[in-house]
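**Q** Below you will find the structure I want to go over with you.
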Amino acid sequence: MAKMVSVSVNLVKAARMLKESKQWTQLPLDMRRLFEQGLAGNGQKVRK
Numbered sequence: 135m136a137k138m139v140s141v142s143v144n145l146v147k148a149a150r151m152l153k154e155s156k157q158w159t160q161l162p163l164d165m166r167r168l169f170e171q172g173l174a175g176n177g178q179k180v181r182k
């Protein structure tokens, strides 16, 4: 179980880094929404 938690934490960190980068706007809108929904489950605000 510990390995799965570390993978999840790393994925959340990677998603946050991507969201803060210039490449974020290059992603398709539906993909950005999926990232935002996933981050919302980790205490992140989602735009409305």
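Be aware that the sequence shown starts at 135, since it is given in the working numbering, and climbs by one per residue.
Positions of the beta carbon are idealized from the N, C-alpha and C atoms, including for glycine.
(1) Taking 8 angstroms as the cut-off, decide whether the C-beta atoms of alanine 146 and leucine 173 are in contact.
(2) Classify glycine 175 as helix, strand or coil using the three-state DSSP reduction.
(3) With a CB to CB cut of under 8 angstroms and the five nearest residues on each side skipped, what residues in its chain are close to alanine 149?
**A** Let me spell this out:
(1) Looking at the sequence itself, residue 146 is valine, so the reference to alanine does not match. Yes, the Cβ-Cβ distance between valine 146 and leucine 173 is below 8 angstroms.
(2) coil
(3) Phe169, Gly172 and Leu173
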